[in-house]
Each structure stands twice: as structure tokens, then as C-alpha cells.
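Here is the structure we will look at.
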Amino acid sequence: MIKVRSVVKKVTAAVLAAAVTVALSGMAQATANAEEESSQTALAQQTEDEIYAAAGFVRSVYTNEWITAQQALTRPIAVMMPTDKSAQPSYGISSAKILYEIMEEGEISRQMAIIDDWTGLSKIGNIRSCRAYYIPEATEWDPILIHYGGVFYMMDRITSPDINNLTGAQQYGTGGGTVGASAFFRSTDRKAPHNAYTSASGIIDACTQLGYSLSIREGYYNAKHFTFADGVNTLEQYGALAATANTIDLSQIFTYTKSSFVYNAEDGLYYKSLHGAAQTDGLNGEQLKFANVIVQNTKWAKLDDKGYLTFQNIDNTEDGYYFTKGRCIHVTWQKAGDYTPTVYYDDFGNEIQLNEGKTYIAIAQKGRAVLYN
0 MIKVRSVVKK VTAAVLAAAV TVALSGMAQA TANAEEESSQ TALAQQTEDE
50 IYAAAGFVRS VYTNEWITAQ QALTRPIAVM MPTDKSAQPS YGISSAKILY
100 EIMEEGEISR QMAIIDDWTG LSKIGNIRSC RAYYIPEATE WDPILIHYGG
150 VFYMMDRITS PDINNLTGAQ QYGTGGGTVG ASAFFRSTDR KAPHNAYTSA
200 SGIIDACTQL GYSLSIREGY YNAKHFTFAD GVNTLEQYGA LAATANTIDL
250 SQIFTYTKSS FVYNAEDGLY YKSLHGAAQT DGLNGEQLKF ANVIVQNTKW
300 AKLDDKGYLT FQNIDNTEDG YYFTKGRCIH VTWQKAGDYT PTVYYDDFGN
350 EIQLNEGKTY IAIAQKGRAV LYN
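For reference, each letter of the sequence shown is one residue, going 0 to 372 in numbering that gives the first Met the number 0.
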């Protein structure tokens, strides 16, 4: 009897132990499930901003989109690109977060592409010469200025110690047979001057040789340029002061290229055309499109009989127009210095709120009208 009771006790203990183990296991699993559900619930309750911020992303100074912290520290390039019909398409231009277009001599405009995520681009260009009045626009972003020569009016400024530039020509820069010229190459599919290009690897090598920083420079870089809307800015808050602007016609400003935009309500972007056709990127075939379009009326003058121009980039008395989401408002603008960002205000004196995305800026000769409807 004693042996039987002993066996029963052992069996009972084993059964109880197993039961406890099962129970504890179930409780642990239940706890784990509860924790996972709680984590998922907490994650679902987090805003998109909180998720990106927790992952180490930051807002782009150029577009207000989320980018990696490393990307935010990368110094941009400012690339001079042509609008000539025979020079199209440009390569890498769709990567421009900010695209400037300004008139030059001969009634032909030129473009300056501000590109921050350039380090993976295999072909950039073609590349054309610079003018003095592009430099104050470029320095707002403290870029590495990429050009192919220039004119003597920019000589003093382009050679200043604070300007980091790469050029494939001997005059007014680092080009010709000097250090940095190896960043450029010519293709055989076009005739000069429309066949000069560079690449990310070429820029990096040249900057290493010249001692140029590839990271934003403290003391020059501005962490704040535009003011971006919290959400979507439809301009409806301006009531009747916001005009309909589904098309933007710059043909009276840029008489050769007749640059224009058509608004696409499906994605909320303006699609750019040049010479009456879609302006595309040779790398990917993508048409250029922008969330924001700014026309900045600017004082100007002819410098000589050759028709070289000058623009008063630093000013606080001129106006322009801001286009977004198929609407337009009148604005004024101010720029206090080379490295100081241009600031745009509505007619109530408030800084305008741009929408997230890329921005096109036409530096227009005062007295030439933009058409829209």
C-alpha cells in the first residue's frame, strides 16, 4: 500500500508539474501576444512624423520630404544646364530639388539645377558656362558649383575663397589643365558645346583633390529656406485673391524656350515643357514636375553691346507670383545677401507656405509678364 501511494504521489506530482508548465507557458504566450498587440496598437497610434523621426529621418530643407540624416548632411551641387533645343535632354536634371531658369544674352535662358542626392548619378549635364548673377542664387544653398567656364563679369566672385566650383574650361575656375578638370568628359553623340558632362565619381575625385568639403559647411549652410505648409496648401485661404492657374505660360519671359507648365490634378504637380514639348531627363525619360512654381520679377540691365545681362538678385522691393495646386497668388520677395535665403511673402506680409516637393524658380526680367489661366 505504501508503494502504491508513493507511486501515486509521484505521478500526481508529475502531472501537476506538467500542468503548471503548460499553464505558465500559456501565460507567457498570452503575455507575449498581449505585448505584441500592444506594440502594434502603439505603432498604429504613432503619426507618420513620429515613425520617421524615431527611425532617424529628418525633413529636407529643399522639399520638406523625409530623408536620412546622412543625406541631409550631403552638400548639394549646383549644375549649369542649357535650354537650347539641340541640347535636350539634360541628364540628371529630374533630380534637381530646386531648378532656376534665368535669361542670358541672345534671348536664350539657362538653368541651374540644385541637386542634393547626386552621389549616385552616373551622368550629369550637359554642362554650360556660368554668369555672375547665378552665383547669388547658388550661394543660398552653399553648393559645389559645376559649370564649364563663364564670362569675365563673374571673375572676381567665382575666384573668391568661399566659392567652391568645378569647371572644365580654363577661365574663371579650376578647369583646363588644372586640378579638377578631370571631373568632366565629352560624349560623341553631340557637337560641342553641348556634349560636356560630369559624374558623381568625377565630382568626388575632383573635390578630394581640391580639398572641397562634401558635407554642408558650418557658417555658410542655411538650415531654413522655405516655410512649408503643415499639410496641403491649396491657397483657398486667400479667397478671390487666389486665381485659377492650371496652365503657366512663360513665353513672354523666356522667348526662345517658351517654357510652360500644365497642372495635373491627379498628383497635384505642374509638368514642365520646353520648346513646346515635355522637358525630360535623359537618364530616366521622366518629365520634369514641380509642386511649387515661383516667378520672381527682378531688376535687370544690359552690360555691353554683346548683350550680357545683370540682375539685381539682392533686393527688398520687387514682386512675383506663387503657383501651387492649380492656383496662384501675388507675392513679394526679399534677399539680404549672398548666403541669405530669398524669402517670399503674400500681400498680407506673411511668409508663403510651400507644399512638400520640388520647386521651380524663374528669375524674370522685370517688365515681362507671366500668363496663366
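Where is the CB? At the ideal position from N, CA and C, for every residue including glycine.
Model, not experiment: these values are computed from the prediction.
Item, Value
"Please state if the CB of H193 and the CB of N263 are separated by a distance shorter than 8 Å.", "no"
"Which stretch, first to last residue, makes up the beta strand (DSSP E) that contains M80?", "I76 to P81"
"Under 8 Å between the Cβ atoms of M79 and M111?", "yes"
"Output the residue ranges of the beta strand (DSSP E) runs that lie fully inside the region 300-332 and measure 3 residues or longer, sorted by chain position.", "308-310 and 314-323"
"Do the region 59-67 and the region 320-330 make contact, defined as three or more Cβ pairs closer than 8 Å?", "no"
"Which one of I143, K84, E139 and E47 has the shortest CA to CA distance from T73?", "I143"
"Can you tell me where the alpha helix (DSSP H) with E64 in it begins and where it stops?", "It is not in any alpha helix (DSSP H) - E64 carries neither H nor E in the DSSP assignment."
"At the level of alpha carbons, what is the spacing between K271 and S250?", "13 Å"
"Which word fits R130, buried or exposed, when buried means at least 16 other C-beta atoms lie within 10 angstroms of its C-beta?", "buried"
"Does the region 348-366 come close enough to the region 94-101 to have 3 or more Cβ pairs within less than 8 Å?", "yes"
"Counting only the same chain and skipping the five closest in sequence on each side, list residues whose C-beta sits under 8 Å from that of S108.", "T82, E100, I101, M102, F253, Y255, T256 and S258"
"Just reading off the beta strand (DSSP E) that T297 is part of, what are its end residues?", "N291 to T297"
"Just the C-alpha distance for I215 and Y338, rounded to the nearest angstrom, thanks.", "13 Å"
"Got a sec, what are the start and stop residues for the beta strand (DSSP E) I143 sits in?", "I143 to H146"
"Rounded to whole angstroms, what is the Cα-Cα separation between I113 and G275?", "24 Å"
"Looking at V57: is its Cβ nearer than 8 Å to the Cβ of I66?", "yes"
"Please identify the residue among A300, T118, S186 and N296 whose C-alpha is closest to the C-alpha of T331.", "N296"
"Using alpha carbons as the reference points, say which of I157, I247, K96 and A86 lies closest to K190.", "A86"
"In angstroms, rounded to a whole number, what distance separates the CA positions of T341 and E139?", "8 Å"
"CB-CB under 6 Å to D141, same chain, minus the five flanking residues each way: which ones, in chain order?", "R216, Y219 and Y220"
"From the DSSP output, in three-state form, read off A361 for me.", "strand"
"Can you tell me whether Q69 is helix, strand or coil according to DSSP?", "helix"
"Tell me whether F56 sits in a helix, a strand or coil according to DSSP, three-state version.", "strand"
"Nearest-angstrom Cα distance between L282 and S94?", "10 Å"
"Does any residue of chain D have a CB that is nearer than 8 Å to the CB of T187?", "No chain D appears in the structure shown, which is made up of a single protein chain."
"Can G149 and S181 be called in contact, C-beta distance under 8 Å?", "no"
"Keeping to the same chain, check which residues put their C-beta closer than 8 Å to that of T173; ignore five residues upstream and five downstream.", "The predicted position of T173 is uncertain, since its pLDDT is 48 and thus under 50; no value can be drawn from it."
"So H329 packs on D318, CB below 8 Å; how close in whole Å?", "7 Å"
"With which residues is L353 paired in a DSSP beta bridge?", "F227"
"By the three-class DSSP mapping on this structure, what secondary structure does S121 have?", "coil"
"From this set, K334, H224, E350 and A335, which residue's C-alpha is nearest I97's C-alpha?", "H224"
"Measuring straight from C-alpha to C-alpha, what distance separates D304 and R367?", "21 Å"
"Considering only the alpha carbon of each residue, which of I162, D116, L120 and I123 lies closest to E136?", "I162"
"If we count the other Cβ atoms within 10 Å of its Cβ and call it buried at 16 or more, is T158 buried or exposed?", "exposed"
"For a quick check, are the C-beta atoms of V292 and F260 less than 8 Å apart?", "yes"
"Would you mind sorting V369 into buried or exposed? The rule is 16 or more other CB atoms within 10 Å of its CB.", "buried"
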